[in-house]
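Student: Residue numbers (numbering that gives the first Met the number 0): 0 to 229.
Even glycine gets a Cβ: it sits at the ideal position worked out from N, Cα and C.
This is the structure I want to talk about, given as structure tokens.
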Amino acid sequence: MKTKILIKNGTVIDGTGNPRYTADILVKEDKIVKIGNISDEDGAEVIDASGLVAAPGFIDTHSHSDLQILVNPEVAPKVMQGITTEILGQDGISMAPLPVEYISPWRKNLAGLDGDSDKINWEYKNTEGYLKMLEEVKPGLNECYLVPHGNIRMEAMGLENRLPNEEELQKMRDITRREMEAGAIGLSTGLIYMPCAYSEAKEIIEMCKVVAEFDGNFVIHQRSEADTIL
């Protein structure tokens, strides 16, 4: 990327709620350093944005690129839409944690949301390993990861259709803490998806207590999308 870029005559919509306005934008070393009437800047690449909108990068708050970002890290379709950040780990089922003994059934379970691929090494085990893989492929977007309830449950008690006992519930707390310490920004659940659907409120509350210690986020997919939603 050029050291300096001058974007001229763009219609700025800055996300503050203020009216749009026409301005120039100066970028130095990948950072916006000035917005206003900028007549010239020595050595800058000039982009004429007349008739175009200049806005902060969009955040895709519900993405299922968890696997595809490893296979196609440039994610050109999203970049071309102006997306610069996405939040992975949605709906309580995603990439990590993933105990080695559950790789095969979990790939089948995950395929409906995230697809499947033989192009990666699935033995990354946990959020630390998954985020390391993400870093190594140098994705075209900023990536944030919610640790999924279903993955936590699977590591703690397998894929059984029952409630956890106290020992398993403590494992779920411990796994949640470990994954938050590894870099997750919060917890997700998908109460319509297996194995999250086997849970009741108590276990989710216990994991959320751990997430709250990190000032993390909680994202939920409701238990029904049909006639039982209300």
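Based on the DSSP secondary-structure assignment, which residues constitute the bridge partners of Pro147?
Tutor: Locating residue 147 in the sequence shown gives position 148, where the first residue counts as 1. Answer by DSSP bridge pairing, in chain order: Ser187.
Student: Within 10 angstroms of the Cβ of His61, are there 16 or more other Cβ atoms? Answer buried if so, exposed if not.
Tutor: For the purposes of this step, residue 61 is taken as the residue at position 62 of the sequence shown. By the neighbour-count rule (16 or more Cβ atoms within 10 Å), His61 is not buried but exposed.
Student: With Leu158 as the anchor, note down where its beta strand (DSSP E) starts and where it stops.
Tutor: Numbered from 1 along the sequence shown, position 159 holds the residue referred to as residue 158. Segment: none, Leu158 is in no beta strand (DSSP E) and carries neither H nor E.
Student: Does the stretch 148-159 come into contact with the stretch 185-197, if we say contact requires no fewer than three beta-carbon pairs (one atom in each stretch) closer than 8 angstroms?
Tutor: The stretch 148-159, when compared against the stretch 185-197, does touch it at the 8 angstroms Cβ threshold.
Student: Based on the DSSP secondary-structure assignment, which residues constitute the bridge partners of Ile92?
Tutor: On the sequence shown, position 93 is the one that residue 92 refers to. DSSP, once it has assigned bridges, lists no residue as partnering Ile92.
Student: So, with DSSP's three-state summary, where would you put Ala110?
Tutor: In the sequence shown, residue 110 corresponds to position 111, counting from 1. In this structure, Ala110 counts as helix in the three-state DSSP scheme.
Student: Could you spell out where the beta strand (DSSP E) holding Ile34 opens and where it closes?
Tutor: What you label residue 34 is simply residue 35 of the sequence shown in a count that begins at 1. Note, Ile34: beta strand (DSSP E), Lys30 to Gly35.
Student: Relative to the alpha-carbon of Thr83, which residue among Glu127, Val74 and Gln89 has its alpha-carbon at the smallest distance?
Tutor: Translated into positions along the sequence shown, residue 83 becomes position 84. With distances taken between Cα atoms, Thr83 lies closest to Val74.
Student: For Glu235 and Gly91, what's the separation of their Cα atoms in angstroms?
Tutor: Here the chain has residues from 0 to 229 only, and residue 235 is not among them.
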